[in-house]
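Q:
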Amino acid sequence: MSPLADRIRPTSLKDFIGQKHILDKEKILYKSIKSGDIFSMIFWGPPGSGKTTLARVIANEIKCDYLEFSAVNAKIAELKKIFEDVRNKRRAGHKKVVVFVDEIHRFNKAQQDSLLPYVETGDIILIGATTENPSFEIISYLLSRTRVFTLNQLSNEELKQIVDRALKNKQIGLGNYKVKFKDDALDYLIEGSNGDSRIILNALEAGVHIASNSKKEVVFNKKLVEEALQRRSLMYDRVGEEHYNTISAFIKSMRASNADAALYYLARMVEAGEDPLFIARRMVIFASEDIGMAQPTALVVANEVFKACDTIGYPECQINLAHGVVYLALAKKDRTACDSYFKALKDVKTLGNLPIPLNIRNAPTDLMKELGYGKGYAPYTKESLLPEKLKGKRYYIQRKGEEPKN
Numbered sequence: 001m002s003p004l005a006d007r008i009r010p011t012s013l014k015d016f017i018g019q020k021h022i023l024d025k026e027k028i029l030y031k032s033i034k035s036g037d038i039f040s041m042i043f044w045g046p047p048g049s050g051k052t053t054l055a056r057v058i059a060n061e062i063k064c065d066y067l068e069f070s071a072v073n074a075k076i077a078e079l080k081k082i083f084e085d086v087r088n089k090r091r092a093g094h095k096k097v098v099v100f101v102d103e104i105h106r107f108n109k110a111q112q113d114s115l116l117p118y119v120e121t122g123d124i125i126l127i128g129a130t131t132e133n134p135s136f137e138i139i140s141y142l143l144s145r146t147r148v149f150t151l152n153q154l155s156n157e158e159l160k161q162i163v164d165r166a167l168k169n170k171q172i173g174l175g176n177y178k179v180k181f182k183d184d185a186l187d188y189l190i191e192g193s194n195g196d197s198r199i200i201l202n203a204l205e206a207g208v209h210i211a212s213n214s215k216k217e218v219v220f221n222k223k224l225v226e227e228a229l230q231r232r233s234l235m236y237d238r239v240g241e242e243h244y245n246t247i248s249a250f251i252k253s254m255r256a257s258n259a260d261a262a263l264y265y266l267a268r269m270v271e272a273g274e275d276p277l278f279i280a281r282r283m284v285i286f287a288s289e290d291i292g293m294a295q296p297t298a299l300v301v302a303n304e305v306f307k308a309c310d311t312i313g314y315p316e317c318q319i320n321l322a323h324g325v326v327y328l329a330l331a332k333k334d335r336t337a338c339d340s341y342f343k344a345l346k347d348v349k350t351l352g353n354l355p356i357p358l359n360i361r362n363a364p365t366d367l368m369k370e371l372g373y374g375k376g377y378a379p380y381t382k383e384s385l386l387p388e389k390l391k392g393k394r395y396y397i398q399r400k401g402e403e404p405k406n
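Per full-length UniProt numbering, the sequence shown runs over residues 1 to 406.
1) Determine the DSSP secondary structure at Leu234, reduced to helix, strand or coil.
2) Rounded to a whole number of angstroms, what is the C-alpha to C-alpha distance between Gly192 and Ile200?
3) Can you list, in chain order, the residues of its chain whose CB lies under 6 Å from that of Ile162, leaving out five sequence neighbours each side?
4) Alpha carbon to alpha carbon, what distance is there between Ala129 and residue 411?
5) Taking the beta strand (DSSP E) that Gly392 falls in, what are its first and last residues?
6) What are the complete beta strand (DSSP E) segments, minimum 3 residues, inside the stretch 39 to 99?
7) Consult DSSP for Thr311 and reduce its assignment to one of helix, strand or coil.
8) Beta-carbon separation of Ile38 and Ile58 under 8 Å?
9) Using the beta-carbon count (16 or more within 10 Å), is Phe306 buried or exposed?
10) Since Lys170 is in the beta strand (DSSP E), which residue starts that stretch and which ends it?
11) Do Val98 and Ile76 count as a contact pair if the criterion is CB distance below 8 Å?
12) Return the Cβ separation of Ser212 and Val219 in integer angstroms, given the expectation that the two are a contact with Cβ distance under 8 Å.
13) Ignoring anything shorter than 4 residues or poking outside the stretch 177 to 243, list the alpha helix (DSSP H) runs there in chain order.
14) So which of Tyr244, Asp102, Leu67, Ile172 has the shortest CA-CA distance to Asn194?
15) With distance defined between alpha-carbon atoms, name the residue in Gly175, Lys223, Ser155 nearest to Asn182.
16) Which of the three DSSP states is assigned to Ile127 in this structure?
17) According to the Cβ coordinates, are Val300 and Gly324 closer than 8 Å?
18) Out of Ile190, Ala203, Tyr177, which one is the CA nearest neighbour of Ser214?
19) Would you mind sorting Val284 into buried or exposed? The rule is 16 or more other CB atoms within 10 Å of its CB.
20) What do you get for Tyr380, buried or exposed, if any count of 16 or more other CB atoms within 10 angstroms of its CB means buried?
21) Tell me Asp102's beta-bridge partners as DSSP assigns them.
22) Would you give the residue range spanned by the beta strand (DSSP E) that Thr150 belongs to?
23) Quick test of your reading: Gly292 and Arg335, contact by CB under 8 Å. State the CB separation rounded to the nearest angstrom.
24) Can you tell me which of Pro46, His94, Lys89 puts its alpha carbon nearest to the alpha carbon of Asp102?
25) Where does residue 411 sit, in a helix, a strand or coil, going by DSSP?
26) Please tell me whether Arg165 and Ile8 are closer than 8 Å, where the distance is taken between their beta carbons.
27) Tell me the rounded alpha-carbon separation between residue 466 and Lys160.
28) Of the residues Gly207, Leu174, Met41, which one's Cα is nearest the Cα of Leu189?
29) According to the Cβ coordinates, are Ser384 and Lys391 closer than 8 Å?
30) Helix, strand or coil for Pro357 per DSSP?
31) Counting only the same chain and skipping the five closest in sequence on each side, list residues whose C-beta sits under 8 Å from that of Arg145.
32) Taking 8 Å as the cut-off, decide whether the C-beta atoms of His94 and Glu132 are in contact.
33) Take Lys332 and list the residues in its own chain whose beta-carbon comes closer than 6 Å to its own, dropping the five residues that flank it on each side.
34) For Pro3, which of Lys180, Glu205, Asn108 has the nearest alpha-carbon?
35) Spell out a yes or no on whether the stretch 307 to 314 and the stretch 268 to 282 are touching, meaning 3 or more CB-CB pairs, one atom from each, closer than 8 Å.
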């Protein structure tokens with residue numbers, strides 16, 4: 001028999017618990033599912049939040065074929081062969097096919113590129129699942145052809161609903177057992193699951209098997225919950241929810257200039273076997289995003305830490321990581337450059353490609369010169385070089401001592 005978490009997966013939207021922020025009846029995803037006009041998408045969220053289940057629900061709701069792969073062991077040649085077969089069937093009038101790729105961030109660039117032709121033509125409806133930020137782990141071409149939906153960690157109330165459903169279902173759940181929770185054992189179980197529906201259901205099933213008597217009576221107390229969870233406290237899981245929590249705490253500790261806390265969370269990640277390049281990449285981003293112009297050498301240090309991790313690897317590179325973490329944590333902080341860029345980006349998205357002033361345009365031909373391209377250009381000028389509509393606009397306000405020396 002398959003695990004409880006797999007047996008009681010919902011097969012329809014009405015039975016799906018959680019993620020109301022994307023599945024409310026007024027939301028585009030819900031409407032698309034109900035209309036059958038579905039599109040390729042990426043689900044980004046922690047383990048146990050329902051990414052795989054929702055992909056299966058979508059395929060079931062729109063009554064299409066469903067293929068499921070894990071990026072960990074899928075090979076390009078095999079995928080291309082399958083996708084070509086799907087393409088031929090689709091062009092022969094076959095129904096839609098949803099292709100679910102779990103841990104899509106594990107695909108390298110070439111593997112992700114191989115999906116593009118089939119996504120672009122609509123031969124497959126791609127649903128990728130990832131615990132990593134798609135902006136960093138999914139190639140831009142694939143991102144531009146999909147919609148990203150963020151799935152949140154399940155709330156305590158949603159986890160209680162999942163437990164309740166499992167305990168009431170006599171066909172495929174635990175409804176044939178008389179399960180009771182003593183004192184605050186249920187709350188303890190929920191806390192120990194850390195928002196992961198799989199963890200709570202697996203622990204529930206384990207507890208029933210451990211403590212069930214001849215009358216199928218089970219009383220959960222804290223001790224049984226601990227035994228079922230096989231731990232007393234939260235553990236770091238490189239592909240689990242604590243992966244999110246720990247890297248978040250790590251970044252926020254450096255941002256707060258708290259070197260002690262930053263080193264502690266670094267040690268947790270290193271001890272758990274986290275990829276050192278994952279940690280170092282976040283440090284490189286942090287150096288520009290949170291330190292920026294206050295201490296520009298931070299980016300140099302962060303890049304050198306990344307190189308050291310790439311060259312040396314564990315266990316020695318943990319020393320380089322610690323060195324870099326202390327430097328970044330104690331560095332002065334300034335988000336001005338980062339924030340200024342996003343202000344400029346907002347104008348680009350809002351106003352589009354405004355005409356570039358003629359005097360700073362490239363003028364490689366006589367015709368372009370006759371049209372005024374490059375005319376009046378001065379290499380060192382106080383003149384605003386922004387498009388006419390944005391003349392005088394300031395994105396970056398220089399701090400004292402940063403003024404360029406012309």
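Beta carbons: idealized from backbone N, C-alpha and C, even for Gly. Nothing here was measured: the structure is a model prediction, and the numbers come from that model.
A: Put simply:
1) Annotation note: pLDDT 40 at Leu234 (below 50); position unreliable, no value reported.
2) Each residue's CA atom was taken as its position, placing Gly192 and Ile200 some 8 Å apart.
3) These residues qualify, in order along the chain: Ile17, Ser197.
4) The question about residue 411 has no answer here: the residues shown for the chain are numbered 1 through 406.
5) Taken as a continuous stretch (DSSP letters only), Gly392 belongs to no beta strand (DSSP E), as it is neither H nor E.
6) Counting whole runs of 3 or more residues, the stretch 39 to 99 contains the beta strand (DSSP E) stretches 41 to 44, 65 to 70.
7) Correct three-state label for Thr311: helix.
8) Contact check for Ile38 against Ile58 passes: the beta carbons are separated by less than 8 Å.
9) It is buried - the Cβ of Phe306 has at least 16 other Cβ atoms within 10 Å.
10) Here Lys170 belongs to no beta strand (DSSP E), and DSSP marks it neither H nor E.
11) Contact: no.
12) About 10 Å separates the Cβ atoms of Ser212 and Val219, ruling out a contact at the 8 Å cut-off.
13) The qualifying runs are 185 to 193, 197 to 211, 222 to 229.
14) Nearest option by C-alpha distance: Tyr244.
15) It should be pointed out that residue 182 corresponds to Lys in this sequence rather than to Asn. Lys182 has its Cα closest to that of Lys223, out of Gly175, Lys223, Ser155.
16) In this structure, Ile127 counts as strand in the three-state DSSP scheme.
17) Not in contact: Val300 and Gly324 (Cβ atoms no closer than 8 Å).
18) Its Cα nearest to that of Ser214, the residue Tyr177 stands out among Ile190, Ala203, Tyr177.
19) Result: buried.
20) That one is exposed.
21) Beta-bridge analysis with DSSP links Asp102 to Ser70.
22) In the DSSP assignment, Thr150 falls within the unbroken beta strand (DSSP E) covering 147 to 150.
23) Correct: roughly 6 Å between the Cβ atoms.
24) For Asp102, the nearest C-alpha among the options comes from Pro46.
25) In the structure displayed, the chain extends from 1 to 406; residue 411 sits before or after that span and is not available.
26) Yes. Within cutoff.
27) In this structure the chain extends from 1 to 406, so residue 466 is not present and cannot be described.
28) That would be Gly207, whose Cα lies nearest to the Cα of Leu189.
29) Contact: yes.
30) It is coil, neither helix nor strand.
31) Hits under 8 Å: Ser40, Leu116, Val119, Glu120.
32) 8 Å or more divides the Cβ of His94 from the Cβ of Glu132.
33) Closer than 6 Å at Cβ, skipping near neighbours: Ala294, Gln295.
34) If you compare the alpha carbons of Lys180, Glu205, Asn108 with that of Pro3, the shortest gap goes to Glu205.
35) Because the criterion of three Cβ pairs below 8 Å is met, the stretch 307 to 314 and the stretch 268 to 282 touch.
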